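Report on the following structure.
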Amino acid sequence: MIFAYFAWGPILRAFVMSVQRTNLVDPVEWVGLENFAYVLADPLLGTAVRNTLWFALLALIFGFPVPLFLAVFMAELRGRRWLYTVLAYLPVMVPPVVAILLWKTFYDPSSTGLFNAILGWLGIPPQPWLNSPEMAMPAIVLEATWAGAGSAVIIYLAALTAVRTELYEAAELDGAGIWSRVWHVTLPQMRGVILIMILLLLIGAMQVFTEPYLFTGGGPMNATVSVMLMIYNYAFLFGDYGAATALSVLLAVALGILSGAYQLATRRWSQE
Amino acid sequence: MTVQPTGQPPLAAGGAPVAGRRRTDLDDATERSVLSASDRRKPSIRFTLITVQVLVLIGLLFAGLGPLVWLLKASTSTTQDILTDPFALWPSGVQWENLWFAWTRGRIGLHLGNTVIVVIGTWIASLLVSITAAYVLSVLRPKWGPFLSGAILFTLFIPHVVSLVPLYLTILDMPGLGVSLLNTYWAVWLPAAANAFNVLVIKRFFDSLPRELFEAARIDGAGGVRILVSLVLPLSKPILAVVSLLTIVASWKDFLWPLLVLQRPDMQPISVALPRIVELYELSIGMAALFLALIVPVVLFLIFQRKFLRGVSMSGGVKG
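So the protein lines, in turn, are chains Z and D.
Every position in the first sequence, counted from 1, becomes a number in the numbering used here once 51 is added.
Every position in the second sequence, counted from 1, becomes a number in the numbering used here once 546 is added.
Laid out in structure tokens, this is it:
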């Protein structure tokens with residue numbers, strides 16, 4: 052049992068140390084805030100931050116309403132709900148790497164690529180998808196949403212079972228229609244879960260790495276470089292561990308501020 | 547993760563899944579939801595409901611099953627067929643040998659085996675650490691318990707990004723030991739074992755067990771280890787199942803960390819090896835490799851879907 056602690060101990064220490072560590076070039080040297088200055092002066096950082104925020108915004112637009120709608124709808128089903136749940140959850144079981152490589156094939160920019168073929172049926176000319184700086188990010192977000200929506204559906208469904216059903220009765224007696232029942236009864240009771248899901252979505256999106264790394268490697272024209280990808284490149288491409296750590300600390304601080312501000316901003320609303 | 551539960555029911559005592567109430571599809575006819583029984587009888591609402599149902603089903607079939615079916619098709623077609631018309635059904639005949647080629651030349655079998663090693667090792671290490679830690683904190687309660695508890699909780703509030711690079715350097719040269727874990731499976735197993743979330747979830751469950759049981763066992767002369775093995779563990783099967791599920795799925799999907807620490811190609815799990823394999827061979831072989839990598843988790847999911855989904859929704863309650 053104590054042995055287990057020795058396995059756990061070094062990791063914990065590494066965790067704490069990581070916050071203090073400043074520089075790790077060959078002879079370890081204290082350089083103060085130089086790393087931070089270096090990172091902040093990197094012209095790529097602005098792009099990466101913009102891209103990451105853009106990714107998070109798109110992920111929110113694509114990835115938030117769909118699972119919520121599906122869950123509210125699926126809660127109405129009698130009988131075949133399991134079929135819907137299994138279908139919705141299936142993409143979650145696809146390992147991300149497989150999903151990304153598969154979608155990369157779908158996004159084949161030639162006119163016989165899978166998505167372009169579908170667009171062709173509708174009379175829409177082939178799109179460049181990942182090859183164009185404008186479309187690459189939405190394309191990536193679309194895949195990420197597909198991969199992540201299923202688990203959100205399951206969590207919302209679980210939350211829906213806790214909704215107090217007497218209120219529907221009351222609302223119905225007051226003459227509320229179906230939509231207003233969803234809007235005024237269902238959703239307000241789920242707001243705790245909804246708020247947390249949005250925050251988790253944002254935090255996850257801010258740390259996106261695998262998708263841009265495998266889809267585009269950050270291109271075209273740096274349109275999909277995320278902050279995490281920059282950290283990876285600093286450390287494992289250029290061997291500049293100090294700069295990488297500095298940037299990760301900055302990202303972590305940003306995440307902390309984000310969730311703090313978010314909690315503060317939504318506190319009134321969630322406690323009512 | 548920096549979120550604490552707000553307004554969510556805490557993990558129900560005894561581990562009864564909060565969401566388990568609607569487990570069977572038959573008995574929820576008695577429960578009402580947004581639509582009332584009288585709504586359901588109205589023809590206009592009935593019609594709309596059925597239309598939406600069909601539309602959603604088509605959408606889900608298209609989105610959920612479509613890509614997988616297409617992948618099956620593509621993995622047994624020639625590259626030429628995939629490229630000229632992605633929706634043509636095997637114009638040049640079914641190429642089962644693609645799968646065989648990917649399995650032998652692409653060494654999918656080896657990489658799947660590596661994934662299994664990674665997953666099982668991570669699972670054992672992570673359960674071992676989190677159970678013992680939770681047991682010490684919750685049942686044995688030494689004097690330094692609160693300190694340790696706080697230290698573990700602290701790691702939960704620090705995003706994983708921060709530790710990525712320092713952890714890599716730790717693996718490269720273990721401080722005080724002078725060994726490098728690079729290219730050993732320990733490099734994946736050990737960091738994954740230090741999962742604060744697991745420790746806290748299990749601890750919270752242990753806290754809910756009646757303390758009189760432990761007292762009684764102690765009076766009967768059982769030691770700490772004995773109590774853990776023959777009393778606590780059998781009682782905590784449900785929570786252990788959920789934690790195992792989450793750990794196994796997460797480690798099966800993990801990409802970045804194994805990419806960093808398992809650099810020898812023949813040690814890499816499937817997720818790390820796939821991009822290389824797909825790049826190396828022609829498209830149809832790549833698709834066959836993807837299909838082989840996909841089939842195991844999907845089939846496992848379809849077999850255990852009911853248990854699985856229950857576990858996931860329960861974990862949602864824990865996390866939320």
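The C-beta atom is built at its ideal place from N, Cα and C for all residues, glycine as well.
Since the model is a prediction, treat every value here as computed from it, not as a measurement.
- Legend: CB atoms of the stretch 299-322 of chain Z lying less than 7 Å from CB atoms of chain D belong to residues Ser299, Val300, Leu302, Ala303, Leu306, Gly307, Ser310 and Ser321.
- Think of a sphere of 7 Å around the beta carbon of Val259 (chain Z): no beta carbon from chain D falls inside it, the nearest being about 11 Å out.
- Around Val244 (chain Z), the same chain offers Ala210 as residues with beta carbons nearer than 6 Å, after the five sequence neighbours per side are excluded.
- Against Leu95 (chain Z), chain D offers no close residue; the least beta-carbon distance is about 17 Å (beta-carbon pairs closer than 7 Å).
- Within 10 angstroms of the beta-carbon of Asp812 (chain D) lie fewer than 16 other beta-carbons, which makes it exposed.
- Boundaries of the alpha helix (DSSP H) harbouring Glu194 (chain Z): Pro184 to Leu211, taken from the DSSP string.
- Val771 (chain D): member of the alpha helix (DSSP H) spanning Gly770 to Ile773, first to last residue.
- With contacts defined by Cβ atoms closer than 9 Å, Leu250 (chain Z) and Ser310 (chain Z) form a contacting pair.
- Taking the CA atoms as reference points, Ser684 (chain D) sits about 6 Å from Asp753 (chain D).
- With respect to the C-alpha of Pro784 (chain D), the residue from D:Val858, D:Asn741 and D:Leu674 having the closest C-alpha is D:Val858.
- In the three-state scheme derived from DSSP, where H, G and I count as helix and E and B as strand, Met279 (chain Z) is classed as helix.
- Under the three-state reduction of DSSP, Gln258 (chain Z) is assigned to coil, being neither helix nor strand.
- Judged by DSSP secondary structure, Pro147 (chain Z) falls within the alpha helix (DSSP H) whose first and last residues are Pro147 to Phe157.
- Neighbours of Lys799 (chain D) in chain Z, taken as residues at a C-beta separation under 7 Å, are given in chain order as Pro146 and Pro147.
- Taking the Cα positions, Ser183 (chain Z) is about 27 Å away from Ile831 (chain D).
- Its chain contains Ala107 as the residues whose beta carbon lies nearer than 6 Å to that of Leu253 (chain Z), once the 5 sequence neighbours on both sides are disregarded; these appear in chain order.
- Per the Cβ contact rule, the stretch 788-806 of chain D is not in contact with the stretch 118-126 of chain Z (fewer than 3 Cβ pairs under 8 Å).
- With contacts defined by Cβ atoms closer than 9 Å, Ala738 (chain D) and Thr668 (chain D) form a contacting pair.
- Secondary structure at Val858 (chain D): helix, using DSSP grouped into helix, strand and coil.
- Residue contact check for Ala620 (chain D) against chain Z: a CB pair falls below 9 Å.
- Within the stretch 792-856 of chain D, the complete alpha helix (DSSP H) segments of 4 residues or longer fall at 802-807, 816-826 and 829-849, listed in chain order.
- In this structure, the CA atom of Ser202 (chain Z) is about 37 Å from the CA atom of Ser726 (chain D).
- For Ile229 (chain Z), the nearest CB of chain D lies under 9 Å from its own CB, placing it at the interface with that chain.
- Residues of the stretch 599-612 of chain D with a C-beta atom less than 8 Å from some C-beta of chain Z are Gln599, Val602, Leu603, Leu606, Leu607, Ala609, Gly610 and Leu611, listed in chain order.
- With respect to Ala680 (chain D), Ile748 (chain D) sits close: the two C-beta atoms are nearer than 9 Å.
- Only residues of its own chain outside the window of five on either side were considered, and among them Pro118, Leu121, Ala122, Met125, Thr136, Ala139 and Tyr140 have a CB closer than 8 Å to the CB of Val204 (chain Z), listed in chain order.
- Identification of chain Z residues near Leu802 (chain D) by a Cβ-Cβ cut-off of 9 Å yields Phe260, Thr261, Tyr264, Met279 and Tyr283, ordered along the chain.
- The alpha-carbon separation between Gly171 (chain Z) and Pro613 (chain D) amounts to approximately 18 Å.
- Note that the C-beta distance between Ile151 (chain Z) and Phe266 (chain Z) is below 9 Å.
- In chain order, Leu141, Met144 and Val145 make up the part of chain Z whose C-beta sits under 9 Å from the C-beta of Val844 (chain D).
- Here DSSP, grouped into helix, strand and coil, assigns Asn273 (chain Z) to coil.
- For Leu727 (chain D), the secondary structure class from DSSP, reduced to helix, strand or coil, is coil.
- Among the residues facing chain D, Val137 (chain Z) is included, as its CB has a counterpart in that chain under 9 Å away.
- Taking 7 Å as the cut-off between beta carbons, the residues of the stretch 176-206 of chain Z near chain D are Trp197, Ser202, Ile205 and Ile206, in sequence order.
- Cβ neighbours of Arg653 (chain D) within its own chain (closer than 7 Å, five residues either side excluded): none.
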